[in-house]
Every structure is written in structure tokens, then in C-alpha cells.
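Here is the structure:
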């Protein structure tokens with residue numbers, strides 16, 4: 022498939038600043054819900070979403086939790102240096118990283134880097150009445166990203182505790198405001214569990230315990246996977262065509278129980294958010310790799326950006342190929358005693374992509390000329406324009422803290 026002719030300007034639309042929700046509603050589930058079903062648009066409220074979902078589909082949530090990823094250090098000269106954590110470097114595993122004691126290394130973005138050419142940054146942190154010294158040192162750099170070594174003066178304190186006491190929750194840059202105390206709650210889903218994201222899977226922000234209970238009452242099976250959302254989710258497409266845009270890599274954890282549940286539901290999924298979409302759809306290509314090489318190492322199962330568009334992957338060889346790939350993946354995990362698959366995905370979903378598992382999508386309204394809008398367009402075609410025009414004409418709120426949509430092609 023050739024994306025040289027897929028111009029990003031075709032996915033632009035006017036988004037006035039006053040349509041971007043700077044804060045969430047006081048009651049999460051009272052947000053508006055636009056329903057697009059088989060080409061028809063209707064309006065509802067998120068609290069009533071269970072009424073519109075299919076009971077024979079598996080509903081998949083991303084249970085990642087946003088971390089306090091911004092750290093600030095003041096140099097002796099007075100210069101303020103911001104370190105934005107992107108992904109673990111040493112140890113590379115997220116769980117091990119947050120349990121680290123005394124030291125660790127991260128891949129980071131650094132603000133005001135020109136003021137930090139050499140030397141070690143230092144700050145005092147008060148934890149349980151103790152003064153702990155946190156130090157940061159630059160040890161490597163590549164493509165604008167810095168590898169930073171952190172050390173702290175207490176071997177009984179984890180890095181997770183360090184972040185909880187001195188880190189700041191990163192909110193999206195387009196909100197054009199500083200993080201406030203309320204964001205620590207409102208910028209997390211009510212089901213967030215696994216620390217690692219630097220941005221929230223925002224489609225999930227509308228859910229409340231009451232909405233989850235309404236899903237139970239209707240008999241909709243729910244499952245959770247993990248994709249840690251990286252800062253690349255805000256990365257604009259700067260190239261004129263999609264072919265020249267490089268997607269960010271994100272790390273995924275998919276329990277065997279989800280693969281088996283998808284098999285029971287014949288591969289039909291309701292995805293809560295684009296991160297769930299990218300994870301679920303990546304399973305097809307992971308299953309393909311295993312089918313072609315049953316002894317492949319787990320670390321070789323990551324999905325690259327253009328892999329879905331390779332000639333062998335574009336079209337399933339048969340109607341039941343997606344289900345066969347899930348069965349293949351489940352058997353592989355059982356053979357290798359894997360309770361969860363830990364892998365990565367760089368998949369880009371753009372017009373021309375053929376969805377394998379996701380049949381219904383819950384998602385917010387995305388930025389113009391973004392890869393998230395490309396994903397929506399791949400799902401419902403050019404009707405994305407009709408959906409967004411309806412939202413703009415009917416006072417829907419946009420982006421992370423905005424309203425929601427349920428898309429059913």
C-alpha cells in the first residue's frame with residue numbers, strides 16, 4: 022500500500038480554541054455522547070452508553086496509569102531545568118523500574134537543555150519526615166532525547182515514591198495551563214492500575230463506577246490490557262504525506278485471559294480508546310509471526326509501523342484468519358508459560374487499513390491532522406467529516422477533557 026499520496030491536509034478541520042475543553046465536567050459520565058451507527062448520527066449522554074453496545078462483543082479497556090512524569094531542578098545559577106520522563110532505560114521493565122531503589126535510568130526530554138551542559142542536578146525531597154537528595158546526570162543522547170541517570174540517598178525508597186513526592190502529572194500541552202491538584206484525579210481513569218503512561222487514555226475518562234455497573238447489568242464482558250501511552254501521542258504529523266511520518270513505539274501487556282476472551286467472542290471487540298485499538302489490532306500481526314515461526318522469541322513479536330501494509334498482511338487469507346491468529350497466539354503463550362504477552366507496537370492505522378477485531382470504538386474528538394484522526398478515518402471512512410461537523414455544530418467539547426463518541430461502521 023502506498024501512502025505517498027495520502028496528504029495530511031485532507032484531515033484538517035477548523036478547531037477554535039474555545040471548543041477545547043480546558044477542564045472536565047464535574048460528573049464524568051454526564052458528558053455528551055455522539056453515536057455514529059451505520060452512517061446515522063444521534064446524540065446521547067455517556068451515562069447511557071450501555072444501551073448502545075453489543076452484548077456479544079468483548080469490551081476492552083486500557084488500565085494504564087499516568088505517572089508524575091515531570092521533574093524540575095533548579096541550578097545554582099537559578100536556571101530551571103525540566104526533565105520529562107519518556108520510557109525506562111535501566112531497568113527497562115516498567116514494574117522493575119518503579120520498584121528500583123537508589124538508582125535508575127530513563128529516556129527523557131529536557132527543557133532548557135542549553136542551560137544544562139555539564140554537571141549533576143540536585144534537589145531535596147521530604148519523604149516521611151526525611152530529607153532525601155535526588156540527583157540527575159546526563160549520560161547519553163540521541164535524536165533530541167536524553168538518557169538521564171537518577172540517584173537518591175535512600176536505599177529503602179523506590180523510584181515510584183520519589184515521583185509521587187516530587188513529580189508533576191503531565192497534562193496535554195494544548196490545554197495551555199499548568200497542572201492543578203484536581204488533575205491528579207480527573208486525568209486518571211477510575212480503573213487505572215498499572216503505572217507507566219505520560220498521557221491518559223482519555224476515552225476512558227468518562228467512565229464511572231455507575232457506568233461500569235450498567236455494563237455488568239447488560240451482560241457485556243469487560244477485559245483490561247495495558248498500553249503505556251507515550252509523549253508521541255501528541256506528536257503532530259509535520260510531513261505533507263503520511264509516508265514520511267514516524268510513529269512512536271509504545272509498550273503493551275496483554276493477558277492470556279484477554280486473548281481467550283476474544284476467541285470466545287469470535288474476535289469481536291469494543292475498543293475503549295485508540296490505545297486499545299492499536300493494541301488489539303496488533304495481535305493479528307503478532308499471531309501472523311507466530312504462525313510463520315512457532316518458536317519465535319517473545320522479544321521479536323513487536324509490531325513495526327508499516328507491518329500491517331506488507332503484502333502478506335494487508336488481506337487475511339480467509340475470513341477466519343483473524344480468529345486463527347488469536348488461537349495461534351493463545352497456544353504460543355500456553356507453550357511458553359506466558360500469563361501475559363509483553364511486547365511493543367508502532368502500528369499506524371490510516372485510511373486503507375482493514376480492521377481485524379475492533380467492531381465498535383469509543384473515542385474522544387481528536388486534533389486536526391493527527392494520527393488519531395487518521396485512525397478514526399480508517400474506521401468510518403470520510404464520514405469522519407460528517408461526525409466532526411455535527412460535533413462542532415452541536416456544542417460538543419473537544420480533545421482530552423472533552424466529550425465522547427461511539428462509532429459503529
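Numbering (my numbering), first residue to last: 22 to 430.
Beta carbons: idealized from backbone N, C-alpha and C, even for Gly.
Can residue i and residue j be called in contact, C-beta distance under 8 angstroms?
| i | j | result |
| --- | --- | --- |
| residue 81 | residue 292 | yes |
| residue 85 | residue 338 | no |
| residue 253 | residue 269 | yes |
| residue 127 | residue 113 | no |
| residue 288 | residue 343 | yes |
| residue 216 | residue 115 | yes |
| residue 301 | residue 329 | no |
| residue 389 | residue 36 | yes |
| residue 305 | residue 331 | no |
| residue 427 | residue 62 | no |
| residue 366 | residue 323 | yes |
| residue 67 | residue 249 | no |
| residue 422 | residue 100 | no |
| residue 72 | residue 240 | no |
| residue 210 | residue 119 | no |
| residue 29 | residue 262 | yes |
Suppose the cutoff is 6 angstroms on Cβ atoms and the five residues either side in sequence are ignored; what does the same chain contact list for residue i look like?
| i | result |
| --- | --- |
| residue 242 | 79 |
| residue 245 | 82 and 84 |
| residue 424 | 52, 53, 417 and 418 |
| residue 221 | 87 and 208 |
| residue 40 | 419 |
What's the call for residue i, buried or exposed, on a 16-neighbour Cβ count within 10 Å?
| i | result |
| --- | --- |
| residue 160 | exposed |
| residue 50 | buried |
| residue 202 | exposed |
| residue 60 | exposed |
| residue 165 | exposed |
| residue 48 | exposed |
| residue 91 | buried |
| residue 45 | buried |
| residue 414 | exposed |
| residue 214 | exposed |
| residue 303 | buried |
| residue 351 | buried |
| residue 95 | exposed |
Kindly indicate which residue of the options has the alpha-carbon position closest to the one of residue i.
| i | options | result |
| --- | --- | --- |
| residue 88 | 205, 120 and 166 | 205 |
| residue 148 | 135, 133, 167 and 176 | 176 |
| residue 137 | 122, 129 and 102 | 102 |
| residue 355 | 378, 297, 280 and 387 | 280 |
| residue 34 | 394, 422, 421 and 400 | 394 |
| residue 321 | 76, 364 and 237 | 364 |
| residue 235 | 25, 74 and 197 | 74 |
| residue 139 | 167, 125, 278 and 357 | 167 |
Spatial neighbours of residue i within its chain, please: CB distance less than 7 angstroms, with the 5 preceding and 5 following residues excluded, ordered by chain position.
| i | result |
| --- | --- |
| residue 317 | 310 and 311 |
| residue 412 | 55 and 386 |
| residue 251 | 107, 108, 219, 269 and 271 |
Apart from the five residues just before and just after residue i, which ones in its own chain have a Cβ nearer than 8 angstroms to its Cβ?
| i | result |
| --- | --- |
| residue 156 | 141, 142, 143, 171, 172 and 173 |
| residue 398 | 32, 371, 372 and 405 |
Which partner residues does residue i have in the DSSP bridge list?
| i | result |
| --- | --- |
| residue 272 | 249 and 365 |
| residue 116 | Residue 116 is not bridged to any residue. |
| residue 102 | 94 |
| residue 211 | Bridge partners of residue 211: none, in fact. |
| residue 436 | Nothing can be reported for residue 436, as the shown portion of the chain is limited to 22 through 430. |
| residue 132 | 103 |
Using beta carbons (cut-off 8 angstroms, strictly below), is residue i in contact with chain D?
| i | result |
| --- | --- |
| residue 47 | Here chain D cannot be found, since the structure has a single protein chain. |
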